[in-house]
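Undergrad:
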Amino acid sequence: MALAVVVFLALIALVLFLIGRISGRRGDRAVALGFVGPTLLLVAVGLVYPALRTILQSFQQADGSGFVGLDNYQFIFTNSDQLTVLRNTALWVVVTPFVATGIGLVYAVLIDRARVEAFAKALIFLPMAISFVGASIIWKFVYEFRPEQGNIQQIGLLNQVLVWLGFSPQQFLVNAPWNTLFLIAVMIWVQAGFAMTVLSAAIKAIPDDIIEAARLDGVSGVGLFRHITVPSIRPALVVVLTTIGIATLKVFDIVRTMTGGQFDTNVVANEFYTQAFRADQGGIGAALAVVLFALVVPIVAYNIRQLRASEAR
Amino acid sequence: MTTSAPTAVVPSVARTISTTASRGKKRLTSPWASLAAVVIAVLWTLPTLGLLVTSFREETDIRRTGWWTALSDPTFTLDNYREALGRESGGGGLVDYLVNSFVITVPSVVIPMVLAALAAYAFAWIHFPGRDFLFIAVFALQIVPIQVTLIPLLTLFVQGDVGEFVRIWVAHSTFALPLAVFLLHNFMRDVPAELIEAARVDGAGHVKTFFSVVLPLMTPALAAFGIFQFLWVWNDLLVALTFAGGTPQTAPMTVALANLSGTRGTDWYLLSAGAFISIVIPVVVFLALQRYFVRGLLAGSVKG
Chain A
1 MALAVVVFLA LIALVLFLIG RISGRRGDRA VALGFVGPTL LLVAVGLVYP
51 ALRTILQSFQ QADGSGFVGL DNYQFIFTNS DQLTVLRNTA LWVVVTPFVA
101 TGIGLVYAVL IDRARVEAFA KALIFLPMAI SFVGASIIWK FVYEFRPEQG
151 NIQQIGLLNQ VLVWLGFSPQ QFLVNAPWNT LFLIAVMIWV QAGFAMTVLS
201 AAIKAIPDDI IEAARLDGVS GVGLFRHITV PSIRPALVVV LTTIGIATLK
251 VFDIVRTMTG GQFDTNVVAN EFYTQAFRAD QGGIGAALAV VLFALVVPIV
301 AYNIRQLRAS EAR
Chain B
1 MTTSAPTAVV PSVARTISTT ASRGKKRLTS PWASLAAVVI AVLWTLPTLG
51 LLVTSFREET DIRRTGWWTA LSDPTFTLDN YREALGRESG GGGLVDYLVN
101 SFVITVPSVV IPMVLAALAA YAFAWIHFPG RDFLFIAVFA LQIVPIQVTL
151 IPLLTLFVQG DVGEFVRIWV AHSTFALPLA VFLLHNFMRD VPAELIEAAR
201 VDGAGHVKTF FSVVLPLMTP ALAAFGIFQF LWVWNDLLVA LTFAGGTPQT
251 APMTVALANL SGTRGTDWYL LSAGAFISIV IPVVVFLALQ RYFVRGLLAG
301 SVKG
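Those sequence lines, one after another, are chains A and B.
Just so we're aligned, residue 1 is where the first sequence starts under the working numbering, counting upward by one.
Just so we're aligned, residue 1 is where the second sequence starts under the working numbering, counting upward by one.
See the structure below:
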């Protein structure tokens, strides 16, 4: 590791030393190449080329021996298991951003200017530092199920709460379609802190004058939230929603760690991994990756348009 | 920041009675609001607390009773951590994986940081043909999901006989570059042009200008990105699963835990301790450098 870092830094230093020797205006291109070259090379080899290859591969057989047209895509959009995967992905990407952003927004408003604001924020923000694998384990334990018989006690908090309330314990991660919602809860738990931080900053940027004026007009409480706060931070809301939406589309760690995609909980990002690296179905895997790509593009495009619009003002 | 807010209403009246402005800053203080905030805070904290308490309980206790019973009858032990870290049988000890996580993370943070800083400088301050097009192209690559690149990249690595660690370093560095260049470029543009020009007039080349003028100013931005990248790489599962091979020689903590979770779902004494070993390092980094992290987060998403 240390060796790798040293070798890398030495290489960069050598390049910089060489281009540092070149002086004068004519040298600008060479200098620029030295500065930008390594980055361009890496993204060309590591992102552009593979992306093009994958698109090509999605039209090929599993072993890449021949073209099969749209067969891989047809499989994804007709096979019943794959349709479940698509349905779950849709559920994830519709529910997660809105709930996470909603909770983040409400919390940001509630604790704004509170005495313990910094501490209160840290509590919600902390899950962001935890890996999805770690978060999955934490929640798997909350959902842990013990059959209702004899002297067996629940060790998962959620089931214990059910028992305390007089209900019978549930297998949260097994019973479809609810289990997908319980997986989504983990993603919301991780992402709400991100939403809260960004939105809190946006709320603080609302000029006091506006709030004061509204108060003089007799607006307060929920009205203030609806008519002043939310419209004022609309650009930030869009950014947060799209960012979480994109992250949600690509996440597979939670499904992989908690259910492995069993019990009808699979999503595109996890099915991609299974097909491409476990089932040796490179073509289908590639097609799934392309579907993921196709789903991300419009979200990002919308995001960039919003950003442009807010910058143009 | 405002779009449709009634800015027109902002009256001079509001300024004249600024004494009430401080009162106007008062937040929503109904008891229901406070209660809602507390409920959310508890919901967000309890799951982690539960697993943390569990990781210090005796194996038999974990299997028989809920962690909340330990609060009234506390018997705690470090055995779970000892066993999770150092299990000899079957090579299941997590120490190897923990070391791998470090070996993977450090170069994967340093390499893109250096490359992106250089590229961002060039995109901001060196005139060369195709500059704007290339910058937009690199920025646009953010929309490529990692999943799209994995299969061909693995083929390339296998053909080139590239070792597992090098694969992961290259992959993480590459995937980080579009965002890193974008973030650092934003900060780079905030450096006053006069500073750069002054250095240039004094006869400093771009290399010298970069190191003596720009780099010192960039430290907070670099820190912000560094934390981002550290958390992302440390917490990554997908790249590690694809390129690390899953062995104790090369796989990081996340892979070990995911496997442990899959095959030994009921071994909560190992899983809870293992989870906390993997969590503690990013959380410490995160808490120590939170300020930079938040700033980096806001630089990327909120303008103004």
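Cβ coordinates follow ideal geometry from the N, Cα and C atoms, glycine included.
This one's a predicted model, so the numbers in the text were calculated from it and none came from an experiment.
(1) Thinking C-beta only, is L292(A) closer than 7 Å to L199(A)?
(2) What separation, rounded to the nearest whole angstrom, lies between the Cα atoms of T247(B) and A140(B)?
(3) I'd like to know whether the C-beta of S89(B) is nearer than 7 Å to at least one C-beta of chain A.
(4) Counting only beta-carbon atoms, is S72(B) nearer than 7 Å to chain A?
(5) So is L222(B) buried or exposed if we call it buried at 16+ other beta carbons inside 10 Å?
(6) When you compare the segment 172-188 of chain A with the segment 243-255 of chain A, are there three or more beta-carbon pairs, one atom per stretch, that lie closer than 8 Å?
(7) What separation, rounded to the nearest whole angstrom, lies between the Cα atoms of V110(B) and S101(B)?
(8) If we call anything under 7 Å between Cβ atoms a contact, is L179(B) one with Q142(B)?
(9) In its own chain, which residues sit with a C-beta less than 6 Å from the C-beta of P282(B), not counting the 5 before and 5 after it?
(10) Answer with yes or no whether the minimum CB distance from Q147(B) to chain A is below 7 Å.
(11) Assuming contact is defined by CB atoms lying nearer than 7 Å, are H185(B) and F123(B) in contact in what I supplied?
(12) Tell me, please, whether the CB atom of Q160(A) is closer than 7 Å to any CB atom in chain B?
(13) Measuring CA to CA, which of G93(B), L195(B), P74(B) is closest to N80(B)?
(14) Pairs of beta-carbons, one from the segment 132-150 of chain A and one from the segment 168-176 of chain A, closer than 8 Å: are there three or more?
(15) Hey, T149(B) and A51(A): beta-carbon distance below 7 Å or not?
(16) Quick one, which of G134(A), Q306(A), G282(A) has its alpha-carbon nearest N72(A)'s?
(17) By the 10 Å Cβ neighbour count, where 16 or more other Cβ atoms means buried, how is F175(B) classified, buried or exposed?
(18) Taking the alpha-carbon positions, what's the L249(A) to E271(A) distance?
(19) Give the single residue among V53(B), T60(B), L78(B), L85(B) whose Cα lies nearest to the Cα of L71(B).
(20) Can you give the beta carbon distance from M1(A) to V103(B), rounded, assuming they're within the 8 Å contact cut?
(21) Please name the residue, chosen from Q60(A), G64(A), S65(A), that lies closest to Q74(A) on a Cα-to-Cα basis.
(22) Taking 7 Å as the CB-CB cut-off, is T248(A) touching chain B?
(23) When DSSP labels each residue in this structure, what does F76(B) get in the three-state scheme?
(24) Could you work out which residue in S131(A), A276(A), T101(A), A135(A) is closest to I238(A) when comparing CA atoms only?
(25) Quick one: residues in its chain with C-beta nearer than 6 Å to the C-beta of V95(A), no 5 flanking neighbours on either side, listed in chain order?
(26) How about L237(B) and T254(B): are their beta carbons less than 7 Å apart?
(27) Determine the direct distance from the alpha carbon of L134(B) to that of V162(B), and round the result to whole angstroms.
(28) Which chain B residues sit within Cβ distance under 7 Å of I12(A)?
(29) Would you say V7(A) faces chain B, with C-beta separation under 7 Å as the test?
(30) Among I233(A), T197(A), T265(A), G221(A), whose alpha-carbon lies nearest the alpha-carbon of A120(A)?
(31) Hey, out of G245(B), V213(B), V181(B), whose CA is closest to L118(B)'s CA?
(32) To the nearest whole angstrom, what separates the beta carbons of V219(A) and I206(A), a pair I think is in contact under 8 Å?
(33) Could you have a look at F8(A) and say whether DSSP puts it in helix, strand or coil?
(34) Going by beta carbon distance, what residues of the same chain come within less than 7 Å of A275(B), once the five residues before and after it are set aside?
(35) Among residues of its own chain, excluding the 5 on either side of G24(B), which ones have a beta-carbon nearer than 7 Å to its beta-carbon?
(36) Can you find a heavy atom of the ligand MN that lies under 6 Å from the Cβ of N79(A)?
TA: So, to answer that:
(1) Numbered from 1 along the first sequence, position 199 holds the residue referred to as residue 199(A). Numbered from 1 along the first sequence, position 292 holds the residue referred to as residue 292(A). Taking a C-beta distance under 7 Å as the contact criterion, L199(A) and L292(A) do not qualify as a contact pair.
(2) Reading the second sequence from its first residue, position 247 is the one you call residue 247(B). Reading the second sequence from its first residue, position 140 is the one you call residue 140(B). The alpha-carbon separation between T247(B) and A140(B) amounts to approximately 35 Å.
(3) Position 89 of the second sequence, counted from the start, is the residue given in the question as residue 89(B). Its pLDDT being 48, under 50, S89(B) is placed unreliably by the model, and nothing is read from it.
(4) Position 72 of the second sequence, counting from 1, holds the residue named residue 72(B). With 7 Å as the cut-off, S72(B) does not count as an interface residue toward chain A.
(5) For the purposes of this step, residue 222(B) is taken as the residue at position 222 of the second sequence. Classification for L222(B): buried.
(6) Result yes; three or more Cβ-Cβ pairs closer than 8 Å.
(7) Translated into positions along the second sequence, residue 110(B) becomes position 110. Translated into positions along the second sequence, residue 101(B) becomes position 101. The alpha-carbon of V110(B) is positioned some 15 Å away from that of S101(B).
(8) For the purposes of this step, residue 179(B) is identified with residue 179 of the second sequence, where counting begins at 1. For the purposes of this step, residue 142(B) is identified with residue 142 of the second sequence, where counting begins at 1. Contact annotation: L179(B) and Q142(B) have beta-carbon atoms nearer than 7 Å.
(9) Translated into positions along the second sequence, residue 282(B) becomes position 282. Result list for P282(B): L231, W234, in chain order.
(10) As a position in the second sequence, residue 147(B) is number 147, starting the count at 1. Closer than 7 Å: yes.
(11) Taking the first residue of the second sequence as 1, we reach residue 185(B) at position 185. Taking the first residue of the second sequence as 1, we reach residue 123(B) at position 123. Result yes, Cβ atoms of H185(B) and F123(B) sit closer than 7 Å.
(12) Here residue 160(A) refers to the residue found at position 160 of the first sequence. Answer yes: the Cβ-Cβ gap between Q160(A) and chain B drops below 7 Å somewhere.
(13) Looking up residue 80(B) in the second sequence gives position 80. For the residues G93(B), L195(B), P74(B), the minimum Cα distance to N80(B) belongs to G93(B).
(14) Taking 8 Å as the limit for Cβ pairs, the verdict is that the segment 168-176 of chain A does touch the segment 132-150 of chain A.
(15) As a first step, residue 149(B) must be located in the second sequence, where it is residue number 149. As a first step, residue 51(A) must be located in the first sequence, where it is residue number 51. Yes.
(16) What you label residue 72(A) is simply residue 72 of the first sequence in a count that begins at 1. Checking every option, the nearest Cα to that of N72(A) belongs to G282(A).
(17) As a position in the second sequence, residue 175(B) is number 175, starting the count at 1. Under the 10 Å beta carbon count, F175(B) is surrounded by 16 or more other beta carbons and is classified as buried.
(18) As a position in the first sequence, residue 249(A) is number 249, starting the count at 1. As a position in the first sequence, residue 271(A) is number 271, starting the count at 1. One Cα belongs to L249(A), the other to E271(A), and the distance between them is close to 12 Å.
(19) Counting from one through the second sequence, the residue named residue 71(B) turns up at place 71. Selected option, being the one with the closest Cα: V53(B).
(20) Here residue 1(A) is taken as the residue at index 1 of the first sequence, counted from 1. Here residue 103(B) is taken as the residue at index 103 of the second sequence, counted from 1. Sure, about 4 Å apart at Cβ, within 8 Å.
(21) Locating residue 74(A) in the first sequence gives position 74, counting from the first residue. Relative to Q74(A), the option among Q60(A), G64(A), S65(A) whose CA is nearest is Q60(A).
(22) Reading the first sequence from its first residue, position 248 is the one you call residue 248(A). With its beta carbon at least 7 Å from every one in chain B, T248(A) lies outside the interface.
(23) Here residue 76(B) is taken as the residue at index 76 of the second sequence, counted from 1. Strand.
(24) Against the first sequence, residue 238(A) aligns to sequence position 238. Correcting the residue type first, residue 238(A) is Val in the shown sequence and not Ile. Of the candidates S131(A), A276(A), T101(A), A135(A), the residue whose Cα lies closest to the Cα of V238(A) is T101(A).
(25) Against the first sequence, residue 95(A) aligns to sequence position 95. For V95(A), where only same-chain residues beyond five positions count, the Cβ hits under 6 Å are I184.
(26) Translated into positions along the second sequence, residue 237(B) becomes position 237. Translated into positions along the second sequence, residue 254(B) becomes position 254. Contact flag set, yes.
(27) Along the second sequence, one-based indexing puts residue 162(B) at 162. Along the second sequence, one-based indexing puts residue 134(B) at 134. The straight-line gap from Cα to Cα measures roughly 28 Å.
(28) Taking the first residue of the first sequence as 1, we reach residue 12(A) at position 12. For I12(A), the neighbours in chain B by C-beta distance under 7 Å run, in chain order, V114.
(29) Residue numbering aside, residue 7(A) sits at position 7 when the first sequence is read from its first letter. Cβ-Cβ to chain B under 7 Å: no for V7(A).
(30) Translated into the one-based positions of the first sequence, residue 120(A) becomes position 120. Of I233(A), T197(A), T265(A), G221(A), the residue nearest in Cα terms is T197(A).
(31) Indexing the second sequence from 1 puts residue 118(B) at position 118. Minimum Cα distance to L118(B) is reached at V181(B).
(32) Position 219 of the first sequence, counting from 1, holds the residue named residue 219(A). Position 206 of the first sequence, counting from 1, holds the residue named residue 206(A). About 13 Å separates the beta carbon of V219(A) from that of I206(A), a gap too long to meet the 8 Å contact definition.
(33) One-based indexing of the first sequence puts residue 8(A) at position 8. In the structure shown, F8(A) sits in a helix (DSSP, three-state: H, G or I).
(34) Residue mapping note: residue 275(B) aligns to position 275 of the second sequence, counting from 1. Cβ neighbours of A275(B) beyond the five flanking positions: L51, L257.
(35) Position 24 of the second sequence, counting from 1, holds the residue named residue 24(B). Low local confidence applies: a pLDDT of 42 at G24(B) is under 50, so the model's placement there is unreliable, with the coordinate-based value given in what follows. Once the five neighbours on either side are set aside, G24(B) has no close Cβ partner at all.
(36) Inclusion of the ligand MN in the displayed structure is not the case, the ligand content being empty and no account of it being possible.
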